[in-house]
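Chemist:
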Amino acid sequence: MNTALLLVDIQNDFLPGGALAVGEADAVVPVANRLMPHFDHVVASQDWHPPHHLSFAAEHAGFEPFQTTELDGLKQILWPVHCVQGSPGAGFASALDVAGIDHVVRKGTDVRIDSYSAFHDNGHRKATGLTEHLRGHGVEHVVVAGLAADVCVRFTVMDALAEGFAVTLVRNGVRGVDMQAGDTEAAIQAMQDAGAQVADSAEVIAGIV
Ligand code: VGL
Ligand code: ZN
Numbered sequence: 195m196n197t198a199l200l201l202v203d204i205q206n207d208f209l210p211g212g213a214l215a216v217g218e219a220d221a222v223v224p225v226a227n228r229l230m231p232h233f234d235h236v237v238a239s240q241d242w243h244p245p246h247h248l249s250f251a252a253e254h255a256g257f258e259p260f261q262t263t264e265l266d267g268l269k270q271i272l273w274p275v276h277c278v279q280g281s282p283g284a285g286f287a288s289a290l291d292v293a294g295i296d297h298v299v300r301k302g303t304d305v306r307i308d309s310y311s312a313f314h315d316n317g318h319r320k321a322t323g324l325t326e327h328l329r330g331h332g333v334e335h336v337v338v339a340g341l342a343a344d345v346c347v348r349f350t351v352m353d354a355l356a357e358g359f360a361v362t363l364v365r366n367g368v369r370g371v372d373m374q375a376g377d378t379e380a381a382i383q384a385m386q387d388a389g390a391q392v393a394d395s396a397e398v399i400a401g402i403v
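Position one of the sequence shown corresponds to residue 195 (the working numbering), numbered consecutively onward.
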């Protein structure tokens, strides 16, 4: 079975000191770097928002980051300004071995709708082309690591399963936002319940999963 490594949103704004910092997010970088050489296909997603993206609290008078509103009929958490196209915060983590990445998928580019998943926007209105890219390379199994476990990784894994890919989630290769304590553990459980395998990077590298 052809397997791809899918690295979700390992970008400066999600690292410590970034605009939407995820706790211990820098710990996923060496895990991603160790995994990459073991895969023929390495795809990385980038959250890639226009400067006035409507997921930003700053675009909504009277709202603070992490409050919730509705956007075009969809529930939307409002985030700090993050991952603005071309900004340093949108760049891949400087310690990430970008030479090992074969293909980049950019998402969240439409100002009116958020895109947590690397496959589709949150309304499943438009696809990013990732499914076709993977199928075009004969990929049937994706191994997923990155940020954030309880947001973009979760949505990406759920879409991958729905698209018919086998999925392995790298437990030590993800970290979550944990807006509420326990969100990350709940997300991992939900991904597992939906059919994802959960494994450590060492097990993936040893070919166990
Ligand atoms: C993400 C919140 C907003 C993520 C992206 O990559 O998990 N989270 N945009
Ligand atoms: Zn975003």
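Positions of the beta carbon are idealized from the N, C-alpha and C atoms, including for glycine.
Remember, predicted model here, so these are calculated numbers, not experimental data.
In three-state DSSP terms, what is E334?
Modeler: strand
Chemist: When every heavy atom of the ligand ZN is checked, does at least one fall within less than 6 Å of the C-beta of D377?
Modeler: For the ligand ZN, not one heavy atom lies less than 6 Å from the Cβ of D377.
Chemist: Apply the 10 Å Cβ neighbour rule to R306 and answer buried if 16 or more other Cβ atoms are within range, or exposed otherwise.
Modeler: exposed
Chemist: Give every residue of the same chain whose Cβ lies closer than 6 Å to the Cβ of A354, excluding the five residues on either side of it in the sequence, and list them in chain order.
Modeler: Closer than 6 Å at Cβ, skipping near neighbours: V336, V361.
Chemist: With C-beta atoms as the reference, is H243 less than 7 Å away from G302?
Modeler: Yes.
Chemist: In three-state terms, what does DSSP make of V386?
Modeler: Reading the sequence as shown, one finds Gln at residue 386 and not Val. Helix at Q386.
Chemist: Indicate, with yes or no, if the ligand MG has a heavy atom lying under 6 Å from the CB of G280.
Modeler: As presented, the structure is devoid of the ligand MG, carrying the ligand VGL and the ligand ZN as its sole ligands.
Chemist: For the beta strand (DSSP E) holding S288, just list the boundary residues, first then last.
Modeler: Unbroken run through S288: none, as it is neither H nor E.
Chemist: May I ask you to check if the CB of A339 is nearer than 6 Å to at least one heavy atom of the ligand VGL?
Modeler: no
Chemist: For T197, report the span of its beta strand (DSSP E) as first-last.
Modeler: 196-202
Chemist: Can you give me the C-alpha to C-alpha distance between V222 and P245, rounded to a whole angstrom?
Modeler: 27 Å
Chemist: Mind pulling the beta strand (DSSP E) runs of 3 or more residues that sit fully within the segment 332-367?
Modeler: Every beta strand (DSSP E) stretch that sits fully inside the segment 332-367 and reaches 3 residues is listed by chain position as 333-341.
Chemist: According to DSSP, what are the bridge partners of W273?
Modeler: F250
Chemist: Go through the residues and name those whose CB comes closer than 7 Å to any heavy atom of the ligand ZN, in chain order.
Modeler: D241, H243, S249, W273, H276, C277, G302, D308
Chemist: Whole-angstrom Cβ separation of A238 and I204, contact assumed at under 8 Å?
Modeler: 7 Å
Chemist: Would you call G256 buried or exposed, if buried means 16 or more other Cβ atoms sit within 10 Å of its Cβ?
Modeler: exposed
Chemist: Quick check: the Cα distance between R369 and H327, rounded to an integer number of angstroms?
Modeler: C-alpha separation (whole angstroms): 26 Å.
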